[in-house]
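*Asks:*
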Amino acid sequence: MSYLLPHLHSGYAVDQSILSEEDRVVIIRFGHDWEPNCMQMDEVLASVSDQIKNFAVVYLVDITEVPDFNTMYELYDPCTIMFFFRNKHIMIDLGTGNNNKINWAMTDKQEFIDIVEVVYRGARKGRGLVVSPKDYSTKYRY
Amino acid sequence: MPPPGGAPAPLGAQYPAEPPPPGEAPPGVDADEAPPGTMLPPPSRPPAAAGALPPSEPGKPDLPPALRARLIARGVLPADSQQQQAGAGAVSATRSAPATHYSSAPQPPAPSLQDEPLLPGWYEAIDPRHGRPYYYNPTTGERIWLKPIKSVPRGWGFARDPATGVTYYYNPVTGERTWTRPVYHDYIHAPAFQGARQGYVFKMGPQGLGYYLDDPARALAEFAAARATALSGVNSSGVIGPALRGAPGAARETEEERKSKLEAIREQQRLRNEARGKATKASKEDEELDPMDPAAYSDAPRGGWSVGLEGAQPTAADTTAGGPLFQSRPYPAPGSVLRANKKALAGAN
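Chains A and B are the protein sequences, given in the same order. For what it's worth, this note's numbering labels the leading residue of the first sequence as 1, then goes sequentially. For what it's worth, this note's numbering labels the leading residue of the second sequence as 143, then goes sequentially.
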């Protein structure tokens, strides 16, 4: 749950958390802890964070508490997940049309691990855009 | 393998007596076909000659004498079967005098056509595979079935109609068969290349563009003469094609000369296109105006397919889409976002 995962309480903290990771993907969930979609997503994140801790780290950001990124990152959804590697935003081709973020609550842990793995592999090679192993075009939630 | 009999091979002949490529059938096959009926009414053979003959061998089907002669000539039937033939209608496979003559047929040419000497440089040999004589030229390396003699143009063969004994001429390439001897044309005018003609070379020559009889000696002489004139500095008139090299002493052509050459080339090309039937630009404008064309019933100017698109043509992509097409730009890093926010705030203040 969200209490198992670290929170970031300012824009500076978000920036520093991304800059501090050299070899791991930084996963940031933008949303609210009380939001049902975010709760569902946090459940998945918490359960996989131990398995992916070697190549990824998860942070939670409350968009009311940290509104700095709302316009730039177009955080209009209840739950948004974005991936960063070495201070660079990594895009994923999910088939939804929006390559920049996952803006729905994923329920399958293994799917999420696969996505994070693909992001890590691609980002390590220097790719800015990776292709998700599963196509979510029919599961687009906006 | 040295040619058995026939003319002796020259000393130092490079080419073995190999027969022509197997793809070509020996023209003896064509000679055995029915004679051409294009120039002659179908000959009416006396039926008595064919039916009166009894079968030569028991058990063998009764063959008409003409067919039997052909088969013997081809070697399908043993030659001694011919001797078993009785009757005056038997036609021998050898080139002897014909037994019957048709009054409507033209007089056969002098029998010396077969005995006419070969063109210089050609030699005869027997093909071991088909058993027929072929002719080869060690200088050029050509090996042909048709006898190269002076009276008959190159590419034409002649043979005796086995039924009548009349000599006819055939062209295996085009398939023509005539009774009359084809004539050599020294020059055939052709504004554009219309296909290969055996024995002719398509070039620009003294009489203009067309097919000239291929004469290597004459061509060499012409080239030498042209080269001499080029060396002396005089521009050879009307020569289209690669300029004669090896003329270091030739005067550099001036700009006017080059322009006139371009004009000449353009004119030549126009003539060639017309000969080919290509639609030129001028003829396109003369085409009839379609009554459905808005230009026919209104003030709209007459245009073609691409009129009106010229402005938009270079950029066919959708310019209203934001950013690179089908590609989202990644977001800036959070640090840059913070800096931009700060700048925006500072700028607002």
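Beta carbons: idealized from backbone N, C-alpha and C, even for Gly.
1. Check whether the Cβ of B/D328 lies closer than 8 Å to any heavy atom of the ligand ADP, and answer yes or no.
2. Hey, quick one: how far does the alpha helix (DSSP H) through B/V479 stretch, first residue to last?
3. Against chain A, does B/Y534 count as a neighbour if the rule is that its beta carbon must be under 9 Å from one of theirs?
4. Here's the rule I'm using: 16 or more other beta-carbon atoms within 10 Å means buried, otherwise exposed. How should A/D68 be labelled?
5. Between the beta-carbon of B/P358 and the beta-carbon of B/T282, is there less than 9 Å?
6. Taking the alpha helix (DSSP H) that A/K125 belongs to, which residues open and close that run?
7. In whole angstroms, what separates the C-alpha of B/W264 from that of B/D204?
8. Quick one: list the residues of chain B neighbouring A/N103, beta-carbon separation under 9 Å, in chain order.
9. For B/P275, write down the residues that DSSP places opposite it in a beta bridge.
10. Any idea what DSSP makes of B/A368, helix, strand or coil?
11. Would you identify the three-state DSSP class for B/T320, choosing helix, strand or coil?
12. Restricting to Cα atoms, I'd like to know which of A/N37, A/D33, A/I113, A/V131 is closest to A/P6.
13. CB A/T96 to CB A/V44, shorter than 9 Å?
14. In the DSSP assignment, find the alpha helix (DSSP H) that holds B/K401 and state where it starts and stops.
15. Contact criterion: CB-CB distance below 9 Å. Does A/M41 meet it with respect to chain B?
16. My guess is that B/R302 and B/Q340 are in contact by the Cβ rule of under 8 Å, so how many angstroms apart are they, rounded?
17. Consider the Cβ of A/M72: report whether some Cβ of chain B lies at a distance smaller than 9 Å.
18. Anything in chain A within Cβ reach of B/V449, meaning under 8 Å, just list it in chain order.
19. With a threshold of 16 other CB atoms inside 10 Å of the CB of A/M41, please say whether the residue is buried or exposed.
20. Listing by chain order, which chain A residues have their CB less than 9 Å from the CB of B/L480?
21. Straight-line CA distance for A/R124 to A/S132?
22. Can you give me the C-alpha to C-alpha distance between B/E113 and B/Y326, rounded to a whole angstrom?
23. Output yes if chain B places a C-beta closer than 9 Å to the C-beta of A/I63; else output no.
24. Which two residues bound the contiguous beta strand (DSSP E) that contains B/D356?
25. Could you work out which residues of chain B lie near A/I27, taking near to mean beta carbons separated by less than 8 Å?
26. Go through its chain and collect everything with a Cβ distance to A/M82's Cβ below 6 Å, but skip five positions before and after it.
27. Reducing DSSP to helix, strand and coil, say where A/T64 ends up.
28. Compare the beta carbon distance of A/A56 and A/V25 with 9 Å and say whether it is the shorter of the two.
29. Tell me where the beta strand (DSSP E) around B/G217 begins and ends.
30. Where does B/L351 fall in DSSP's three states?
31. List, in chain order, every chain B residue whose beta-carbon is nearer than 8 Å to that of A/F84.
32. Which of the three DSSP states, helix, strand or coil, is assigned to A/D14?
*Replies:* Let's see:
1. Ligands are entirely absent from the displayed structure, and the ligand ADP is therefore not among its contents.
2. Locating residue 479 of chain B in the second sequence gives position 337, where the first residue counts as 1. Segment 476 to 490, the alpha helix (DSSP H) holding B/V479.
3. Lying before the first or after the last residue shown, residue 534 of chain B is absent from chain B, which here runs from 143 to 491.
4. Position 68 of the first sequence holds residue 68 of chain A. Around the beta carbon of A/D68, 16 or more other beta carbons sit within 10 angstroms, so the residue counts as buried.
5. In the second sequence, counting from the first residue as 1, residue 358 of chain B sits at position 216. In the second sequence, counting from the first residue as 1, residue 282 of chain B sits at position 140. Going by C-beta atoms, B/P358 is nearer than 9 Å to B/T282.
6. Here residue 125 of chain A corresponds to residue number 125 of the first sequence, with the count starting at 1. A/K125: member of the alpha helix (DSSP H) spanning 109 to 125, first to last residue.
7. The residue labelled residue 264 of chain B in the question sits at position 122 within the second sequence. The residue labelled residue 204 of chain B in the question sits at position 62 within the second sequence. Straight across, the Cα-Cα distance linking B/W264 with B/D204 is about 42 Å.
8. As a working note, residue 103 of chain A is residue 103 in the first sequence. Going along chain B, no residue has its Cβ under 9 Å from A/N103, so there is no contact; the nearest lies around 13 Å.
9. Along the second sequence, read from residue 1 onward, the residue named residue 275 of chain B stands at position 133. B/I268, per the DSSP bridge assignment.
10. Translated into the one-based positions of the second sequence, residue 368 of chain B becomes position 226. B/A368 carries a helical assignment under DSSP once its states are collapsed to helix, strand and coil.
11. Position 178 of the second sequence, counting from 1, holds the residue named residue 320 of chain B. Strand, per DSSP.
12. Within the first sequence, residue 6 of chain A is the residue found at index 6, counting from 1. The closest CA to that of A/P6, considering only A/N37, A/D33, A/I113, A/V131, is found on A/D33.
13. What you label residue 96 of chain A is simply residue 96 of the first sequence in a count that begins at 1. What you label residue 44 of chain A is simply residue 44 of the first sequence in a count that begins at 1. No, the Cβ-Cβ distance between A/T96 and A/V44 is not below 9 Å.
14. Taking the second sequence and counting its residues from 1, one reaches residue 401 of chain B at position 259. Residues 397 to 418.
15. Here residue 41 of chain A is taken as the residue at index 41 of the first sequence, counted from 1. So no, A/M41 is outside the interface.
16. Taking the second sequence and counting its residues from 1, one reaches residue 302 of chain B at position 160. Taking the second sequence and counting its residues from 1, one reaches residue 340 of chain B at position 198. Rounded to whole angstroms, the Cβ separation of B/R302 and B/Q340 is 22 Å, and the two are not in contact under 8 Å.
17. Reading the first sequence from its first residue, position 72 is the one you call residue 72 of chain A. For A/M72, the nearest beta carbon of chain B is closer than 9 Å to its own beta carbon.
18. Translated into positions along the second sequence, residue 449 of chain B becomes position 307. Chain-order list of chain A residues neighbouring B/V449: empty, with the shortest C-beta distance near 38 Å, by a criterion of under 8 Å.
19. Position 41 of the first sequence, counting from 1, holds the residue named residue 41 of chain A. Taking all protein chains in view, the Cβ of A/M41 is crowded by 16 or more other Cβ atoms within 10 Å, so the residue is classified as buried.
20. In the second sequence, residue 480 of chain B corresponds to position 338, counting from 1. G11, Y12, V14, D15, D68, F69, listed in chain order.
21. As a position in the first sequence, residue 124 of chain A is number 124, starting the count at 1. As a position in the first sequence, residue 132 of chain A is number 132, starting the count at 1. For A/R124 and A/S132, the distance between alpha carbons rounds to 16 Å.
22. Chain B is shown only over 143 to 491; residue 113 of chain B falls outside these bounds and no answer can be derived.
23. For the purposes of this step, residue 63 of chain A is taken as residue 63 along the first sequence, with counting starting at 1. Not a single CB atom of chain B sits nearer than 9 Å to the CB of A/I63.
24. Numbered from 1 along the second sequence, position 214 holds the residue referred to as residue 356 of chain B. Run containing B/D356: none; DSSP gives neither H nor E here.
25. Within the first sequence, the letter at position 27 stands for residue 27 of chain A. The contacting residues do not exist; A/I27 stays about 13 Å from chain B at best.
26. As a position in the first sequence, residue 82 of chain A is number 82, starting the count at 1. So the list reads I28, K101, once near-sequence residues are dropped.
27. Start at 1 with the first residue of the first sequence, and residue 64 of chain A comes out as number 64. Secondary structure of A/T64 (DSSP, three-state): coil.
28. Taking the first sequence and counting its residues from 1, one reaches residue 56 of chain A at position 56. Taking the first sequence and counting its residues from 1, one reaches residue 25 of chain A at position 25. A contact, by the Cβ cut-off of 9 Å.
29. Locating residue 217 of chain B in the second sequence gives position 75, counting from the first residue. No beta strand (DSSP E) holds B/G217; DSSP gives it neither H nor E.
30. The count along the second sequence starts at 1 and reaches residue 351 of chain B at position 209. Here B/L351 carries a strand assignment [DSSP, helix/strand/coil].
31. Numbered from its first residue, the first sequence carries residue 84 of chain A at position 84. Correct list: A475, P476.
32. To locate residue 14 of chain A, count along the first sequence from 1; it is residue 14. According to the sequence provided, residue 14 of chain A is Val. The question's Asp does not apply to it. Looking at A/V14 - three-state DSSP - the assignment turns out to be helix.
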